[in-house]
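Trainee:
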Amino acid sequence: ISALSRNGWIQAKAAKELGLTQRQIGYRIKKYNIRPPWE
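Under the UniProt record's numbering, the residue at position 20 of the sequence shown is numbered 20, and the numbers go up by one with no gaps.
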């Protein structure tokens, strides 16, 4: 979640920072029901 926050909730940038693919980070966001603070 902190990687997403640091990257303005842009999944591609957060994934690159964490060494994941966009598909992997998207799966984890969906799996753990992660939502941005404004939702």
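Glycine included, every Cβ here is placed at the ideal spot set by N, Cα and C.
Beta-carbon within less than 8 Å of Q22's beta-carbon, same chain only, minus the 5 sequence neighbours each way: which residues are those?
Mentor: Excluding sequence neighbours, Q22 sits near Q11, A12, A15.
Trainee: Could you check if I1 is buried or exposed, using at least 16 other CB atoms within 10 Å of its CB as the buried criterion?
Mentor: The residue in question, I1, is exposed, as its Cβ has fewer than 16 Cβ neighbours within 10 Å.
Trainee: Quick one: measure Cβ to Cβ for I29 and L18, integer angstroms, because I've assumed they're closer than 8 Å.
Mentor: Between L18 and I29 the Cβ distance is about 12 Å, and since that is not below 8 Å, they are no contact.
Trainee: Look up G26 in the DSSP assignment and say whether it is helix, strand or coil.
Mentor: helix
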